[in-house]
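Have a look at the structure below before the remarks.
Residue numbers (our numbering): -11 to 99.
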């Protein structure tokens, strides 16, 4: 399986693609937020036209001090709708939830 990294700003994704690695950085005033104390670490995907929200448990990219969360798609059924998706990271490093900005990416059909 080829690992493709998805960094914000985002790249296009293919329908039913698996093995895609997402990395999201949570920042405040342009600086990474230290997430190392977070007990909740998620990346939230919103399907096109409000066809469903999927929240997945994320891991730290390193140790959390860099503000980065990561998730690798393991199912080829995850990207099941063509169109523009939204993505956002969230965590609770100090007991209060913090969020990344919302970004968009496209899920395209295969040939």
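Where a beta carbon is used, it is the ideal one built from N, C-alpha and C, also for glycine.
Going by DSSP, which residues form a beta bridge with residue 6?
Locating residue 6 in the chain shown gives position 18, counting from the first residue. None, per the DSSP bridge assignment.
So who's on the other strand from residue 76, going by DSSP bridges?
Taking the chain shown and counting its residues from 1, the one referred to as residue 76 is at position 88. Residue 76 pairs with 32.
Please classify residue 29 as buried or exposed, where buried requires at least 16 other C-beta atoms within 10 Å of its C-beta.
Taking the chain shown and counting its residues from 1, one reaches residue 29 at position 41. Label assigned to residue 29: buried.
Could you check if residue 21 is buried or exposed, using at least 16 other CB atoms within 10 Å of its CB as the buried criterion?
Within the chain shown, the letter at position 33 stands for residue 21. With 16 or more Cβ atoms within 10 Å of its Cβ, residue 21 is classed as buried.
Let's test the definition: count the other Cβ atoms within 10 Å of the Cβ of residue 88 and tell me whether it reaches 16, buried, or not, exposed.
Taking the first residue of the chain shown as position 1, residue 88 is located at position 100. By the neighbour-count rule (16 or more Cβ atoms within 10 Å), residue 88 is buried.
Once the 5 residues before and after residue 96 are set aside, which same chain residues still bring their CB inside 8 Å of it?
Your numbering for residue 96 matches position 108 in the chain shown. These residues qualify, in order along the chain: 0, 1, 2, 3, 70.
In or out: residue 57 buried (at least 16 other Cβ within 10 Å) or exposed?
Reading the chain shown from its first residue, position 69 is the one you call residue 57. Buried, by the Cβ-count rule.
Spatially closest choice to residue 31 from 25, 41, 37, 24, by CA coordinates
Against the chain shown, residue 31 aligns to sequence position 43. Measuring from the Cα of residue 31, the nearest candidate turns out to be 41.
Identify the continuous beta strand (DSSP E) that holds residue 38 and give its terminal residues.
If you number the chain shown from 1, residue 38 lands on position 50. Per DSSP, residue 38 belongs to no beta strand (DSSP E) and is neither H nor E.
Quick one: what's got a C-beta closer than 6 Å to residue 61's C-beta in the same chain, skipping five residues either side?
Counting from 1 along the chain shown, the entry for residue 61 is found at position 73. If we look at residue 61 and ignore the five residues flanking it on each side, its Cβ neighbours are 6, 8.
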